[in-house]
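Written below as structure tokens is the structure these notes are about.
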Amino acid sequence: MTEKHRLPDRAEPSTNQSRGVSEILGAILLFGVVLAVLVLVQVTAVPAWNQQVEFQHNQRVQGDMAQFGDAVTRTASDGTAQSVAIEMGTNYPPRPFLLNPPAASGVIRTTQRAPVTIANAESPEPDVGDYWNGDTHTLDTKAIEYAPRYNQYQNAPTTIYEPGALYDFWRGSGSNGDEGVVIGGTKPVSGTNVNLVTVQGELNESGVQPQSIDVSASSAPSRSFAVQSADGQPIHVEVRTKLPASVWETDYLADQPNVLDVTESDVDASTGLRTVDIQLRASDADGPITYTFNLASVNVGSSGATPPAKYVVKTSGGGYTPSGSQTELTAQARDRYNNPVAGVPITFTDTSGAGSFVGGSGESVTVTTDSDGKATATYTAPSGAYADIEIGARAENDLGTSATAQATEFHLSTVLSGGTTGSAEDQGLNPAGGKSVYLRSISNPSDNKGKWVLTFENRDASASRTWTGIRVNFYKPQSGSGNSNPPTSYTVSRDATQIASGSVRGNYATLSGGGLTFTREGTAGDSHTLTFSFTGGSAPDSRDIFVISVEWSDGSATYIVG
1 MTEKHRLPDR AEPSTNQSRG VSEILGAILL FGVVLAVLVL VQVTAVPAWN
51 QQVEFQHNQR VQGDMAQFGD AVTRTASDGT AQSVAIEMGT NYPPRPFLLN
101 PPAASGVIRT TQRAPVTIAN AESPEPDVGD YWNGDTHTLD TKAIEYAPRY
151 NQYQNAPTTI YEPGALYDFW RGSGSNGDEG VVIGGTKPVS GTNVNLVTVQ
201 GELNESGVQP QSIDVSASSA PSRSFAVQSA DGQPIHVEVR TKLPASVWET
251 DYLADQPNVL DVTESDVDAS TGLRTVDIQL RASDADGPIT YTFNLASVNV
301 GSSGATPPAK YVVKTSGGGY TPSGSQTELT AQARDRYNNP VAGVPITFTD
351 TSGAGSFVGG SGESVTVTTD SDGKATATYT APSGAYADIE IGARAENDLG
401 TSATAQATEF HLSTVLSGGT TGSAEDQGLN PAGGKSVYLR SISNPSDNKG
451 KWVLTFENRD ASASRTWTGI RVNFYKPQSG SGNSNPPTSY TVSRDATQIA
501 SGSVRGNYAT LSGGGLTFTR EGTAGDSHTL TFSFTGGSAP DSRDIFVISV
551 EWSDGSATYI VG
């Protein structure tokens, strides 16, 4: 018989083995799912998150640039140095198992701009008007631009500070090719105030960490001055900018009634720069418009060149001075912003040779301007007689301007220190002794429709006195009164009848009717009230000062009024 062999039974799978294989397969599948999710998050969510981080950083940088603009304004206003931190870039928050790109950075730098130009502006202020005479003046400037270097926020703007403007700029977007959105800045025109601050210096910083930007005075604090249209046509203020004229008009100038028009020209297709012309009205229903210009310049980063002097003005001195006495004459050198310049030699010269200067060569002396741009010379007036003296103060350096702008003139009138009657009662200014005619009362122009009313009284009980001539030695409008030009002529009336007229600083005018007689003290006619009317200059103000002299047969007296 054949022996039958039985095949061995197939072994049954182990339960533990099956479970192990399932766990491995599950882990592989889970890892794949996690990896897929991480990849999906990496390529979709992380860029979006980082873009939000970059956008928030850009908002903070705009705030930093607004603070920079405020610092420029403060430095221009008071001359103090400022420092502003700019958050140049940003780091991304760590994200486990995810990758971030390198930190976002930025660059802040100065960029060249064509000068700001001001045309057809004429100043009514003495000396200032020799320079601001309607000619076109230029103010060199730069712009400050912050450009981010983001990884995700690809349409981020460049933030730009320019004279009068702070804005975000997008190149090649918007319906007209470029788009600008105002985020700050100082209105260049506000009512009749024109405010412009230019930027000098060199700045070029980049990176991620905050950078401290220093702002210092180049020509500041600003010193305001008045201007009007030189010829009745608009005053033009032109700026070179990337901000379209339409945005200047709507965001900065829309509510300004004195802005006649805002136009745009010379658009550079490669850079976006264009010239924006702001036109200011010459007049309104009330007549010519007087604008107040406030101009200044600041340095950012490394300091730029100090603006040179352009003209010379007199700040104090002149008018009347007692004969034989010393008086101080002060001139100031100013730059194109109307601000003082130190270190400028100024020569004072008495062209008449009548007096002399202390510390000089007699007829002239040279003084270098101090930190406030002022040079002061001490002049000794001639003695013994009335004299009208012209003294010139001229900058020795070539200021590159007209001869009249480079110099100024002081007008002096000497007055005798007292009368010549032989009596001490008339000696000195404003005599008030027992035998003098004294100035008893003054009624100023604010009470008398622009006229000065003076009452004189004879204090001599023993004799009458007859004035035969009268002279106005000088007239000085006071600082802050709003008057710029002294009157050139005058009339004197008594009881509404004119008794004399003449030119300010001219010769004695003869009193009509044989003179003005003051009877003895205590009798009818011992006092007279005279009305002085002045013409040919600014309207008289109660804060003005003028000096008159009178003469009689054997004497004279001098009175200060004001």
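Residues 1 to 562, numbered by UniProt numbering, are exactly what the sequence shown covers, in order.
The beta-carbon is built from N, C-alpha and C at its ideal position, and this holds for glycine as well.
Computed from a prediction, not measured in an experiment: that's the story for all the values here.
Here's a check: name, in chain order, each residue in its chain whose Cβ is nearer than 6 Å to the Cβ of residue i, leaving out the five neighbours to either side.
{"i": "Ala-305", "result": "none"}
{"i": "Thr-369", "result": "Ala-333, Ala-342, Val-344, Ala-375"}
{"i": "Ser-212", "result": "Ser-83, Ala-85"}
{"i": "Gly-392", "result": "Thr-349, Ala-407, Glu-409"}
{"i": "Ala-539", "result": "Gly-450"}
{"i": "Ala-147", "result": "Val-107, Thr-158"}
{"i": "Val-358", "result": "Thr-378"}
Return the CA-CA distance between residue i and residue j, expressed in angstroms with no decimal places.
{"i": "Ala-282", "j": "Asp-372", "result": "33 Å"}
{"i": "Pro-257", "j": "Asp-284", "result": "10 Å"}
{"i": "Ala-36", "j": "Asn-50", "result": "20 Å"}
{"i": "Ala-557", "j": "Val-437", "result": "9 Å"}
{"i": "Thr-376", "j": "Gly-343", "result": "13 Å"}
{"i": "Thr-535", "j": "Ser-489", "result": "5 Å"}
{"i": "Thr-198", "j": "Leu-429", "result": "50 Å"}
{"i": "Val-262", "j": "Thr-529", "result": "57 Å"}
{"i": "Pro-115", "j": "Asp-268", "result": "16 Å"}
{"i": "Ser-323", "j": "Tyr-475", "result": "17 Å"}
{"i": "Ala-76", "j": "Leu-139", "result": "15 Å"}
{"i": "Arg-459", "j": "Trp-452", "result": "22 Å"}
{"i": "Pro-94", "j": "Asn-100", "result": "8 Å"}
{"i": "Pro-157", "j": "Leu-29", "result": "45 Å"}
{"i": "Val-550", "j": "Pro-126", "result": "30 Å"}
{"i": "Gly-482", "j": "Ala-461", "result": "Since pLDDT at Gly-482 reaches only 45, below the 50 mark, its modelled position is unreliable, and no value is offered."}
{"i": "Gly-164", "j": "Gln-62", "result": "16 Å"}
{"i": "Ala-403", "j": "Lys-310", "result": "11 Å"}
{"i": "Gln-67", "j": "Val-215", "result": "11 Å"}
{"i": "Val-33", "j": "Ala-48", "result": "22 Å"}
{"i": "Gly-502", "j": "Ile-560", "result": "18 Å"}
{"i": "Gly-232", "j": "Thr-186", "result": "27 Å"}
{"i": "Phe-546", "j": "Asn-473", "result": "7 Å"}
{"i": "Ala-217", "j": "Glu-202", "result": "14 Å"}
Quick one: using the 10 Å Cβ neighbour count with 16 as the cut-off for buried, is residue i buried or exposed?
{"i": "Phe-532", "result": "buried"}
{"i": "Lys-242", "result": "buried"}
{"i": "Gln-498", "result": "exposed"}
{"i": "Glu-238", "result": "buried"}
{"i": "Val-128", "result": "buried"}
{"i": "Arg-60", "result": "exposed"}
{"i": "Thr-271", "result": "exposed"}
{"i": "Thr-90", "result": "buried"}
{"i": "Ser-224", "result": "exposed"}
{"i": "Pro-244", "result": "buried"}
{"i": "Gln-56", "result": "exposed"}
{"i": "Ala-121", "result": "buried"}
{"i": "Arg-440", "result": "exposed"}
{"i": "Gln-154", "result": "exposed"}
{"i": "Gln-112", "result": "exposed"}
{"i": "Ala-496", "result": "exposed"}
What residue range does the alpha helix (DSSP H) around residue i cover?
{"i": "Thr-75", "result": "46 to 78"}
{"i": "Tyr-337", "result": "Where Tyr-337 is concerned, there is no enclosing alpha helix (DSSP H), given that its DSSP letter is neither H nor E."}
Grab me the residues of residue i's own chain with a C-beta within less than 7 Å of its C-beta, minus the 5 sequence neighbours each way, in chain order.
{"i": "Asp-266", "result": "Arg-274, Thr-275"}
{"i": "Gly-317", "result": "Thr-327, Glu-328, Leu-329, Thr-330, Phe-410"}
{"i": "Ser-175", "result": "The predicted model places Ser-175 with a pLDDT of 48, which falls under 50 and marks its position as unreliable, so this point remains unresolved."}
{"i": "Asp-251", "result": "Val-182"}
{"i": "Glu-207", "result": "Residue identity differs from the one stated: residue 207 is Gly in this sequence, not Glu. Only Met-88, Gly-89, Ser-105 meet the Cβ criterion."}
{"i": "Ser-219", "result": "Ala-296, Ser-297, Pro-307, Asp-335, Tyr-337, Asn-339"}
{"i": "Glu-521", "result": "Asn-458, Arg-459, Asp-460, Ala-461"}
Would a check of beta-carbon distances place residue i closer than 9 Å to chain B?
{"i": "Asn-204", "result": "In the structure shown, chain B cannot be found, because there is only a single protein chain."}
Within its chain, find whatever has a CB closer than 8 Å to the CB of residue i; leave out the 5 residues flanking it on each side and keep chain order.
{"i": "Ser-553", "result": "Thr-466, Thr-468"}
{"i": "Ser-190", "result": "Gln-256"}
Quick one: give me the first and last residue of the beta strand (DSSP E) that residue i is part of.
{"i": "Gly-207", "result": "204 to 207"}
{"i": "Tyr-131", "result": "Unbroken run through Tyr-131 is the alpha helix (DSSP H), 128 to 131; no beta strand (DSSP E)."}
{"i": "Leu-98", "result": "No beta strand (DSSP E) holds Leu-98; DSSP gives it neither H nor E."}
{"i": "Ser-379", "result": "Inspection of the sequence shows that residue 379 is occupied by Tyr rather than by Ser. Where Tyr-379 is concerned, the enclosing beta strand (DSSP E) stretches over 374 to 380."}
{"i": "Lys-310", "result": "309 to 316"}
{"i": "Ser-553", "result": "Premise fails: Ser-553 is in no beta strand (DSSP E) and is neither H nor E."}
{"i": "Asp-370", "result": "Looking at the DSSP string, Asp-370 is not in any beta strand (DSSP E), and its letter there is neither H nor E."}
{"i": "Val-300", "result": "291 to 300"}
{"i": "Ala-85", "result": "82 to 86"}
Quick check for students: name the residue ranges of the beta strand (DSSP E) that lie wholly in the segment 448 to 508, counting only runs of 3 or more. 452 to 458, 465 to 467, 469 to 476, 489 to 494, 497 to 503
Ordered list of beta strand (DSSP E) runs contained in the segment 210 to 289, each at least 3 residues: 211 to 219, 225 to 229, 235 to 241, 259 to 265, 274 to 280
Please go through the segment 114 to 172 and give each complete beta strand (DSSP E) segment of 3 or more residues, from N-terminal end onward. 116 to 119, 137 to 139, 142 to 149, 158 to 162, 165 to 170
In chain order, which beta strand (DSSP E) runs of at least 3 residues are fully inside the segment 507 to 554? 516 to 518, 527 to 535, 545 to 552
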